[in-house]
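Participant:
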Amino acid sequence: MNNDEVKTKKNIIKISKTNLSSLKSIENDSDTQIFITKCQNLNQNDIPKNVKKLQIRNCGLNNILEICQITQLEVLDVKHNAIQDIYSLENLQQLKELNMSFNNIKEVQNLQLLIQLKTLLLFGNQIEEFKITTLRNVIKLDLGYNKLSDITQLATLTQIKELYMYKNKINNITPLRDLKELTILDMRNNQIIDVSSLELLNNLQFLDLRENQIVLCQQIAETNQYKQYSVVIQFHH
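Take 29 as the starting number for the sequence shown in the working numbering and just add one per residue.
(1) Since Leu204 and Leu226 are thought to touch, with beta carbons under 8 Å apart, how far apart are those beta carbons, to the nearest angstrom?
(2) Under a Cβ-count criterion, where at least 16 other Cβ atoms within 10 Å of its own Cβ denotes burial, should Gly172 be classed as buried or exposed?
(3) Here's the rule I'm using: 16 or more other beta-carbon atoms within 10 Å means buried, otherwise exposed. How should Gly152 be labelled?
(4) Whole-angstrom Cβ separation of Ile114 and Leu82, contact assumed at under 8 Å?
(5) From Met128 to Ile111, what distance separates their C-alpha atoms?
(6) Classify Thr60 as buried or exposed, calling it buried when 16 or more other Cβ atoms lie within 10 Å of its own Cβ.
(7) Counting only the same chain and skipping the five closest in sequence on each side, list residues whose C-beta sits under 7 Å from that of Ile188.
(8) If distances are taken between C-alpha atoms only, which option among Ile84, Leu237, Cys96 and Leu228 comes closest to Asn131?
(9) Suppose contacts are defined by Cβ-Cβ distances below 8 Å. Is Gln122 in contact with Gln144 by that definition?
(10) Determine the closest residue to Ile198 out of Thr184, Thr186, Val223 and Ile212, with distance taken between C-alpha atoms.
(11) Give me, in chain order, the residues of the same chain whose beta-carbon lies closer than 8 Å to that of Lys146; leave out the 5 immediate sequence neighbours on both sides.
(12) State the DSSP-derived secondary structure class of Gln241, mapped to helix, strand or coil.
(13) Taking the beta carbon of Tyr254 as the centre, do at least 16 other beta carbons fall within 10 Å, making it buried, or is it exposed?
(14) Would you mind stating whether Asn78 and Gln100 have Cβ atoms separated by less than 8 Å?
(15) Check Thr147 in the structure and name its three-state DSSP category.
(16) Under the three-state reduction of DSSP, which class applies to Arg85: helix, strand or coil?
(17) Please report the straight-line C-alpha distance between Leu141 and Leu89, rounded to a whole angstrom.
(18) Whose C-alpha, out of Thr65, Asn39, Arg238 and Gln241, is nearest the C-alpha of Lys107?
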């Protein structure tokens, strides 16, 4: 075993820098977790096909075509790459957690078949529209640091408990009024003026509305239900 590979008793393999020869020698064990960082010459075909947890960060990936043939994947983290096209994700129907933050993604499509998905992290991309309405099991969704202005489609995702939409271009949050399971809502740094649609979100435990254009917020500031959790608001006069 060389310095680029570290295998623990829990079947965790970490590979970094430029030496990827160890990938080919990994035992074909479905319990193995593989973490790859800063490997610019990564050959996706060398990754074992029955691995369930895979993290590939800072490797300059511009596609995930071969990775999406690893159909047993339950956790996929490809944060900090250069991925644009995510159409092939429809093959990963066992996925429970997906992190594609800090890539170059503009469109979110072909996720309808990921019915096992519970956590979806897409912050730090170039997303202008989020049209997916069928992710009925996702409970944590992070779309922060994108270019979203219309969040109408989110109204159907009524099971979500944690929603992060910070630093977008959102001014209308009316679609959120039906997300009654929300416990955490982060809408800081948008263009929000009216927050009355949040009145009925009785399960909220944390709400961040900083850096918006809120002028009046009596519903939140004076209603007893909102005194039971953390609220961070910045008013504009």
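Here a beta-carbon is modelled for each residue, glycine too, at the ideal position from N, C-alpha and C.
Facilitator: According to the structure data:
(1) Within the sequence shown, residue 204 is the residue found at index 176, counting from 1. Within the sequence shown, residue 226 is the residue found at index 198, counting from 1. Confirmed, about 7 Å.
(2) Reading the sequence shown from its first residue, position 144 is the one you call residue 172. When all chains shown are included, Gly172 counts as buried.
(3) Along the sequence shown, one-based indexing puts residue 152 at 124. When all chains shown are included, Gly152 counts as buried.
(4) Position 86 of the sequence shown, counted from the first residue, corresponds to residue 114. Position 54 of the sequence shown, counted from the first residue, corresponds to residue 82. Ile114 to Leu82, Cβ: 15 Å. No contact.
(5) If you number the sequence shown from 1, residue 128 lands on position 100. If you number the sequence shown from 1, residue 111 lands on position 83. C-alpha separation (whole angstroms): 8 Å.
(6) Reading the sequence shown from its first residue, position 32 is the one you call residue 60. Classification of Thr60: buried, given that the 10 Å Cβ count is 16 or more.
(7) Within the sequence shown, residue 188 is the residue found at index 160, counting from 1. Closer than 7 Å at the Cβ level, and outside the excluded window around Ile188, lie Val166, Ile167, Leu169, Leu207, Glu209 and Leu210.
(8) Locating residue 131 in the sequence shown gives position 103, counting from the first residue. Comparing Cα-Cα distances from Asn131 to each of Ile84, Leu237, Cys96 and Leu228, the minimum goes to Ile84.
(9) Along the sequence shown, one-based indexing puts residue 122 at 94. Along the sequence shown, one-based indexing puts residue 144 at 116. A contact, by the Cβ cut-off of 8 Å.
(10) Numbered from 1 along the sequence shown, position 170 holds the residue referred to as residue 198. That would be Val223, whose Cα lies nearest to the Cα of Ile198.
(11) By 1-based counting over the sequence shown, the position of residue 146 is 118. Hits under 8 Å: Lys124, Glu125, Asn165, Val166, Ile167 and Lys168.
(12) Walking along the sequence shown from the start, residue 241 turns up at place 213. Coil at Gln241, not helix or strand.
(13) Residue numbering aside, residue 254 sits at position 226 when the sequence shown is read from its first letter. Reliability of the predicted coordinates at Tyr254 is poor, the pLDDT of 49 falling under 50, and no value is obtained from them.
(14) Counting from one through the sequence shown, the residue named residue 78 turns up at place 50. Counting from one through the sequence shown, the residue named residue 100 turns up at place 72. Yes; because the gap between Cβ atoms is below 8 Å, this pair is in contact.
(15) As a first step, residue 147 is located in the sequence shown; it is residue number 119 there, counting from the start. It is a strand residue.
(16) For this step, residue 85 is matched to residue 57 along the sequence shown. If DSSP states are grouped into helix, strand and coil, Arg85 belongs with the strands.
(17) Translated into the one-based positions of the sequence shown, residue 141 becomes position 113. Translated into the one-based positions of the sequence shown, residue 89 becomes position 61. Computed Cα separation, rounded: 23 Å.
(18) For the purposes of this step, residue 107 is taken as the residue at position 79 of the sequence shown. Residue Thr65 is the option with its Cα nearest to Lys107.
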